[in-house]
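Take a look at the structure set out below.
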Amino acid sequence: MNSNPHPMQRLQARQLVLAYDRVTVLDKLNLAIPNSKITILVGPNGCGKSTLLRGLARLLKPRQGQVYLDGKSIFKLSTKAVAKQLGILPQGPAAAEGLTVRELVTQGRYPHQSWLQQWSKEDERQVERALAITAMQEFADRSLETLSGGQRQRAWIAMTLAQNTDILLLDEPTTFLDLAHQIEVLDLLYDLNRQEQRTIVMVLHDLNQACRYGDYLVAIRQGKIYTQGSPIQVMTEEMVQDVFGLNCCIIPDPIAGTPLCIPLGRNVLARRP
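Heads up, the final residue of the sequence shown is numbered 273 in the numbering used here, and it's a clean run with no missing numbers.
Below is the structure:
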């Protein structure tokens with residue numbers, strides 16, 4: 001009998017408890033990731049967003065509960081089997097000194113290698129495609145330490161793309177990027193989702209970007225899901241107050257039509273007529 005309560009959702013968590021040592025970070029969390037959609041995790045620092053992503057990616061073993069991938073417990077699958085279906089870009093990844101961009105991106109093809117299946121034309125094609133998509137071709141032979149923070153982030157995203165998985169988990173993929181490059185990366189991920197139906201789950205801090213690019217938002221507070229749904233359902237003044245402790249005004253985005261969060265700090269409120 002299939003133990004997956006929502007067999008149509010490829011990736012999900014049921015009664016998931018994640019902890020570091022004796023400190024519980026997420027407690028009995030239930031979440032089904034919508035297939036072929038962009039899901040964005042939002043919440044204050046320390047609420048458990050990155051921990052949830054690590055649990056979904058099989059990088060952190062649950063204290064209790066299960067993560068299911070295609071109806072099977074992800075911890076009963078081999079590392080290589082998971083890596084062929086699910087790619088992750090963690091927060092603050094590290095690489096060996098002297099590694100070039102191309103060498104890093106090539107590592108994304110390792111799940112597809114074996115003693116029978118060596119480097120192939122398909123591997124080369126995926127590496128070149130990932131470099132092109134992320135506009136990193138001109139930096140391919142540069143070592144990572146010679147790049148700016150934004151360029152390094154794009155190199156890591158290229159490695160994740162080279163893995164060519166149907167599901168992508170990204171922890172703050174716009175970290176270190178200026179605004180123009182943030183939009184470039186988010187547009188790239190949006191195109192991958194719309195054109196190739198990739199299922200994307202990412203952590204973002206910018207609530208307005210989350211509303212513009214996300215199909216499904218999950219707001220987390222103190223290790224539990226506060227609310228989840230479409231941006232219009234989730235992004236309310238009440239949610240921002242309860243989850244972030246911030247007064248705000250929610251209006252329609254004049255360009256995208258999605259919810260636009262305008263924070264109301266003390267100085268702004270003091271100047272109101």
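All C-beta atoms in this analysis are idealised placements derived from N, C-alpha and C, irrespective of residue type, glycine included.
As the structure is a computational prediction, the values presented were derived from the model and not from experiment.
If you check the CB distance, L26 and G48 come in under 7 Å. In the DSSP assignment, L31 falls within the unbroken beta strand (DSSP E) covering V23 to I33. Contiguous beta strand (DSSP E) elements confined to the region 162-211 occur at 167-171 and 199-203, taking only those with 3 or more residues.
In the displayed model, I232 falls within a helix according to three-state DSSP.
The residues L260, in chain order, have a CB closer than 6 Å to that of D253 in the same chain once the five nearest residues on each side in sequence are set aside.
Counting only the Cα atoms, R194 lies some 27 Å from R102.
The Cβ neighbour count for A180, taken over all protein chains shown within 10 Å, is under 16; the residue is labelled exposed. Around the beta carbon of N164, a 10 Å sphere encloses 16 or more other beta carbons of the protein chains shown; the residue is thus reported as buried. Look at the region 51-98 and you find these whole runs of beta strand (DSSP E), each 3 residues long or longer: 64-69 and 86-89. Around the Cβ of T106, a 10 Å sphere holds 16 or more other Cβ atoms; the residue is buried. Cβ atoms of R154 and A135 come within 8 Å of each other, at about 7 Å. Per DSSP, reduced to three states, the secondary structure at R10 is coil, with no helix or strand assignment. Considered as a whole, the region 108-165 harbours 121-133 and 149-162 as its complete alpha helix (DSSP H) runs of no fewer than 4 residues, in chain order. In the DSSP assignment, L104 falls within the unbroken alpha helix (DSSP H) covering V101 to T106. In the three-state reduction of the DSSP assignment, K224 falls in the strand class, which pools E and B.
The shortest C-alpha to C-alpha distance from E122 to any of I255, G223, T39 and A162 is the one to A162. Rounded to whole angstroms, the gap between the alpha carbons of N247 and M239 is 10 Å. L41: member of the beta strand (DSSP E) spanning I38 to V42, first to last residue. Under the DSSP assignment, D253 falls outside any alpha helix (DSSP H); it carries neither an H nor an E label. Excluding residues up to 5 positions away in sequence, G98, L99 and T100 lie with their Cβ nearer than 7 Å to the Cβ of S143 in the same chain. Q126 counts as buried, since at least 16 other C-beta atoms from the protein chains shown sit within 10 angstroms of its C-beta.
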